[in-house]
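One structure below.
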Amino acid sequence: MAATFINGTKIADDIKQEVRAEVDQLRKNGVQPGLAVVLVGDDAASSAYVNMKARTCEQLGILSRKVVLPSAITTEDLLREVGKLNEDPLIDGILVQLPVPKQVNKHAVLEGVDPQKDVDGFHSGNLGSLLLGHETLVACTPLGVMELLRRSNVQMEGANAVVLGRSDDVGKPQAILLMHANATVTICHSKTRNLAEVCRQADILVAAIGRTALVTKDFVKPGAVVIDVGTNKVSSRAEVERLFGGDEARLSDFAKRGYVWAGDVDERSVREVASMMTPVPGGVGPMTIAVLMKNTIKAARRRRGI
Ligand code: GUN
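Residue numbering for the sequence shown follows this note's numbering, starting at 14 and increasing by one per position.
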């Protein structure tokens with residue numbers, strides 16, 4: 014039987030509704046949560062993400078501040094801008110949109126964000142708290158995956174979970190979160206031997222390795238839940254046809270835009286064996302912004318002692 018698709022857009026909308034109700038309540042008590050998003054340079058994709066974040070804030074009644082800085086900025090000047098936001102009483106959450114230009118020391122900048130305002134959960138203090146199982150701000154993408162699993166009633170306790178990918182922003186925190194949910198967790202990556210065989214042990218497989226359609230059906234145990242974190246740009250028509258066959262919607266998107274998004278999971282083969290899976294787009298993607306909003310409210314409450 015073909016897999017059921019988990020509707021990330023619908024679940025993200027549910028979370029945004031919950032956030033909106035919380036914001037309304039906070040505003041009745043004279044508190045308006047505020048999020049600052051820092052964009053360095055004018056990369057079109059980053060700019061579009063930042064605008065989407067700002068628009069979502071506005072929809073939910075969260076104060077939004079966009080700080081756009083020149084692409085030639087130094088680490089020192091960027092740290093000064095972050096420092097101003099750290100001190101700003103109206104700002105509860107700060108997100109520095111990644112990637113930053115290569116002359117900027119990304120690590121120094123992420124460490125420069127006040128951990129109380131670190132809605133990305135990238136500060137080493139917050140990652141340390143996560144590791145220790147303390148209540149803290151956690152990265153939006155892995156937290157979004159946990160929300161998708163919980164709200165789709167996926168049993169995590171005792172399950173074998175395999176995280177494919179070991180990045181600081183997804184793979185590592187994802188593994189910790191799944192472990193705290195009492196799953197038995199394996200992390201694997203590009204150097205793992207017998208990758209398909211390791212992945213095939215998973216009841217829950219989270220693919221976050223950034224390789225288009227790497228996960229084919231031979232990676233998937235029958236009945237497994239497969240979560241696809243990949244967002245890979247496919248810019249060749251031949252590749253679109255190879256991945257999606259005669260899928261009219263995708264071919265028409267490609268004709269309009271010159272590219273389509275594809276995940277790390279080969280949707281056509283994996284849907285024959287998985288029990289549930291997330292689509293790309295419309296799976297994990299919409300969840301990250303919803304969770305960012307949730308993190309902003311959380312930061313506001315904690316910082317203001319509510
Ligand atoms: N760029 C792409 N995804 C993200 C994210 O989750 N946080 C930040 N800060 N930048 C990103």
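Beta carbons: idealized from backbone N, C-alpha and C, even for Gly.
Am I right that residue i and residue j are in contact with their C-beta atoms under 8 Å? What's the rounded C-beta distance?
i, j, result
"L98", "D133", "About 13 Å; that fails the 8 Å criterion."
"G106", "A303", "So it is not a contact: roughly 14 Å between Cβ atoms."
"G276", "G243", "4 Å"
"V219", "Q168", "Actually they do not touch by this definition, with Cβ atoms about 15 Å apart."
"I19", "T291", "5 Å"
"D182", "A152", "5 Å"
"V239", "V247", "With 8 Å as the limit, V239 and V247 do not qualify as a contact, their Cβ atoms being about 19 Å apart."
"T229", "V211", "Going by Cβ atoms, the distance from T229 to V211 rounds to 14 Å, so no, they are not a contact pair."
"E35", "I310", "5 Å"
"R40", "G74", "6 Å"
"L150", "N139", "5 Å"
"L161", "V297", "7 Å"
"E148", "S137", "Not really, about 17 Å apart at Cβ, beyond 8 Å."
CB-CB under 8 Å to residue i, same chain, minus the five flanking residues each way: which ones, in chain order?
i, result
"Q110", "V50, V51, L52, V53, S59, Y62, V63"
"P114", "V53, G54, S84, A85, I86"
"A67", "V50, S77, K79"
"A237", "A215, D216, I217, L218, V286, A287, S288"
"H193", "G146"
"K130", "L98, N99, I104, D105, G106, I107, A312, R316"
"R281", "L256, F257, G258"
"S265", "none"
Where does residue i fall in DSSP's three states?
i, result
"I222", "coil"
"A85", "coil"
"A325", "Because residue 325 is not part of the residues shown, which for the chain are 14 to 319, the question remains open."
"N42", "coil"
"G173", "Per the sequence shown, the amino acid found at residue 173 is Asn instead of Gly. In the structure shown, N173 sits in a strand (DSSP, three-state: E or B)."
"I310", "helix"
"G295", "coil"
"L108", "strand"
"I319", "coil"
"I217", "strand"
"G258", "coil"
"A34", "helix"
"I302", "helix"
Using only the heavy atoms of ligand 1, determine whether one of them is closer than 6 Å to the beta carbon of residue i.
i, result
"D133", "yes"
"C153", "yes"
"Q1", "The shown model of the chain, from 14 to 319, leaves out residue 1, and the question about it has no answer."
Which same chain residues, not among the five before or five after residue i, have their C-beta less than 6 Å away from its C-beta?
i, result
"G344", "The shown model of the chain, from 14 to 319, leaves out residue 344, and the question about it has no answer."
"G47", "L76, L103, I104, D105"
"H202", "R179"
"N173", "T197, Q214, A215, D216"
"A225", "Residue 225 is actually Thr in this sequence, not Ala. The answer, listed in chain order, is N245, A275."
"P235", "V286"
"D231", "A209"
Bridge partners for residue i per DSSP, in chain order?
i, result
"M290", "F18, V239"
"K23", "Paired residue(s): none; K23 is not in a bridge."
"V80", "V51"
"K246", "W274"
"C201", "L177"
"D131", "I107"
"V228", "V278"
Closer than 7 Å by C-beta to residue i: which residues in its own chain qualify, once you throw out the five before and the five after it? Chain order, please.
i, result
"I189", "L143, L144"
"L91", "V53, L82, V117, V122"
"F267", "R250, V253, V273"
"M65", "I302"
"L208", "C201"
"K307", "I28, V32"
"R163", "none"
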